[in-house]
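Residue numbers (the working numbering), protein chains in the order written: chain A, 78 to 159; chain B, 9 to 257.
What follows is the structure in structure tokens.
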């Protein structure tokens, strides 16, 4: 039962975070929220017992891809057009 | 335009949700993945064949070694592609000044990073070497290692990070990783087995066939770690400086 609540909470939060990263106009904030999304996914993987996948998600998804996105955004205008 | 693009997004999202109903329930023993003889074979035989407790690593580096080798090559090619596209692309274009920060590196940030980076790098080696017994392995260890250099570049500047790990050396290390992986495969071929048939390495290692596979997996993971760590840093260095490799970010 506890896990059900945990799962539901994480999944709802995932939807909220995904919408938020599309909603915000500042691309830098969007990239950071995307990192949060990766960490939530990482929590879900770990909870389902796929620890290797969770580890990869935490390092690649939340770590490197956020950094690469930030590096790219610094060469663009920070505001999204739509 | 924003509302127009919402239509395909909702359509594809709805399609995915609808198709997702066909997935088996999580942990269902009747699902095709659990019922397939391949899964039960791995569960029953990995420990006997290779002495590796972490099944994921054994499948990744041994049973499916050919696949992982070319995954590493893909990472290498991705780094090469970024260099090929970005190098020289900004010649003659004036450098944008919008985000140029003239300030000195921040005292608190640099000293924190000074403390974190050694721990991070030792952790990377731990993850790499412990891939057999605990979650981790070449990819994760390599990424943590590459991230430690990116952290240096973020808190000081790109020059500082590149004085520790020059790009030429990065590319050399990345290529050596693949050579190490392929070399272990070739070595086991020369010893009479098939390509990446690590058990044949028992002829030159003073261990049993099972432990030969165990140790060869470590060698292969080190190769993957080399390539991934250096390519991660190459990617960051090129993206952050538009291929100029100086004064990025």
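The beta carbon of each residue, even a glycine, is placed where N, CA and C say it ideally should be.
Remember, predicted model here, so these are calculated numbers, not experimental data.
Scanning 31/B, 36/B, 179/B for the CA closest to the CA of residue 81/B turns up 179/B.
Looking from the CA of residue 86/A, the closest CA among 151/A, 107/A, 118/A, 134/A belongs to 118/A. Contacts between residue 158/B and chain A, judged by CB atoms closer than 7 Å, involve 144 in chain order.
If one requires a minimum length of 4 residues, the alpha helix (DSSP H) runs lying completely within the stretch 113 to 190 of chain B are 115 to 137, 146 to 163, 166 to 172, in chain order.
Put simply, the backbone Cα of residue 57/B is about 9 Å away from that of residue 219/B.
If you check the CB distance, residue 237/B and residue 139/B do not come in under 9 Å. The three-state reading of DSSP puts residue 103/A in strand, counting E and B together. Put simply, the backbone Cα of residue 39/B is about 11 Å away from that of residue 30/B.
For the set 216/B, 158/B, 148/B, the Cα lying nearest the Cα of residue 168/B is the one of 158/B. For residue 241/B, the uninterrupted alpha helix (DSSP H) run begins and ends at 217 to 248, by DSSP.
Pairing residue 233/B with residue 89/B gives a Cβ-Cβ distance that is not under 9 Å.
For residue 112/A, there are no neighbours in chain B by C-beta distance under 9 Å, as the nearest C-beta there is about 13 Å away. In the structure shown, residue 9/B falls within a coil segment according to DSSP collapsed to helix, strand and coil. The alpha-carbon of residue 28/B is positioned some 34 Å away from that of residue 55/B.
Proximity to residue 78/B across 175/B, 60/B, 23/B, 183/B peaks at 183/B, based on C-alpha coordinates. Taking C-alpha positions only, residue 114/A is separated from residue 100/A by approximately 14 Å. Taking 3 residues as the shortest admissible run, the stretch 105 to 134 of chain A contains no complete beta strand (DSSP E) segment at all. One alpha carbon belongs to residue 145/B, the other to residue 86/B, and they sit about 20 Å apart. Just so you know, the alpha carbons of residue 121/B and residue 165/B end up roughly 13 Å apart. Taking residue 83/B as the centre and dropping the five residues before and after it, the same chain places the C-beta of 235, 236, 239 closer than 7 Å to its C-beta, in chain order. Residue 143/A is positioned such that its CB atom lies closer than 9 Å to that of residue 108/A. Distances from the alpha-carbon of residue 117/B to those of 171/B, 163/B, 15/B put 163/B closest.
Of all residues in the stretch 34 to 55 of chain B, the ones placed with a Cβ closer than 7 Å to any Cβ belonging to chain A are 34, in chain order. Ranking 97/B, 209/B, 62/B by CA distance to the CA of residue 246/B puts 97/B first.
Looking at the backbone, the Cα of residue 123/A and that of residue 136/A are separated by about 13 Å.
A residue is called buried when at least 16 other Cβ atoms come within 10 angstroms of its Cβ; residue 154/A does not meet this threshold and is exposed. Contacts with chain B (Cβ-Cβ distance below 7 Å) from the stretch 124 to 141 of chain A involve 125, 128, 129, 132, 133, 136, 137, 140, 141, listed in chain order. Per DSSP, the continuous alpha helix (DSSP H) segment holding residue 84/B begins and ends at 73 to 94. Rounded to the nearest whole angstrom, the CA to CA distance from residue 214/B to residue 67/B is 24 Å. Classified as exposed, residue 16/B has fewer than 16 neighbouring CB atoms from the shown chains inside 10 Å of its CB.
Chain-order list of chain A residues neighbouring residue 222/B: empty, with the shortest C-beta distance near 18 Å, by a criterion of under 8 Å.
Of the candidates 190/B, 125/B, 172/B, 190/B places its Cα closest to the Cα of residue 76/B.
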